[in-house]
Structure formats: structure tokens, C-alpha cells
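Numbering (the working numbering), first residue to last: 669 to 764. Worksheet: one structure, shown below.
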Amino acid sequence: MDVEPADDTPLVQFDQEEHNGLRIPGNDALVITALLANYKIERVFIDSGSSTDILIGEAYDQMQLGDAPLEAVDTLLYGFAGEVVHPRGMISLPLT
669 MDVEPADDTP
679 LVQFDQEEHN
689 GLRIPGNDAL
699 VITALLANYK
709 IERVFIDSGS
719 STDILIGEAY
729 DQMQLGDAPL
739 EAVDTLLYGF
749 AGEVVHPRGM
759 ISLPLT
């Protein structure tokens, strides 16, 4: 099922000046700094092909949100080498 983005979804664009030094077309990683629930997170890797957005437990703990807002999940995640990860939960946070 394809999901259409909300009309208020901000558009990410880069001008020609920001292309200086890049080979186009290329496959350089997009790494940004973001505000997540008013907490500055550096080195956020943007992967538009990913089906999951993952926040590591250490980063979640440092945000001091507590465990209360986490929703229980029964889904397991599998790493590249087949290792099983049990998520602590799911949460929706504002991202700017």
C-alpha cells in the first residue's frame, strides 16, 4: 500500500551551492542534525529506503522521556547477520 505524504510535510531541497564538491549522480549518505522532541541529535543518517525508523536505547534514555510513552510491540527486528532484536517499544515524537 502506498502512503501519500501529508500536505504539511516539509520539502527537503538543496541549491547548486550545496552541490559543490559532490559527484552527481552519486550515492553519498545524507547525514543531518535534527531536533527530536526538543532534543538535538547529531549524525542522523537518512535512509529513504528504510522501512523502519530506529532510535537506539542509549539515545532514548539520554532524552529522559521515561518509559511511560513507549507503546508495547510484539514485533521482532532482524539485523543484517540474522541477529534478533527485541524492541523496547514504539513511540511517535515530533521531528524538526
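Every residue gets a Cβ at the ideal spot worked out from N, C-alpha and C, and that includes glycine.
Indicate whether residue i and residue j have their beta-carbon atoms separated by less than 8 Å.
i           : j           : result
residue 710 : residue 701 : yes
residue 705 : residue 744 : no
residue 757 : residue 738 : yes
residue 690 : residue 696 : yes
Classify residue i: buried if its beta carbon has 16 or more other beta carbons within 10 angstroms, exposed otherwise.
i           : result
residue 728 : buried
Can you give me the C-alpha to C-alpha distance between residue i and residue j, rounded to a whole angstrom?
i           : j           : result
residue 678 : residue 698 : 16 Å
residue 746 : residue 752 : 5 Å
residue 681 : residue 693 : 16 Å
residue 763 : residue 685 : 26 Å
residue 708 : residue 730 : 11 Å
residue 676 : residue 726 : 31 Å
residue 724 : residue 750 : 18 Å
residue 688 : residue 754 : 42 Å
DSSP has residue i in a bridge; who is on the other side?
i           : result
residue 763 : 704
Which parts of the region 683 to 753 are runs of the beta strand (DSSP E), unbroken and 3 residues or longer, counting only runs that do not cross its ends? 698 to 704, 707 to 714
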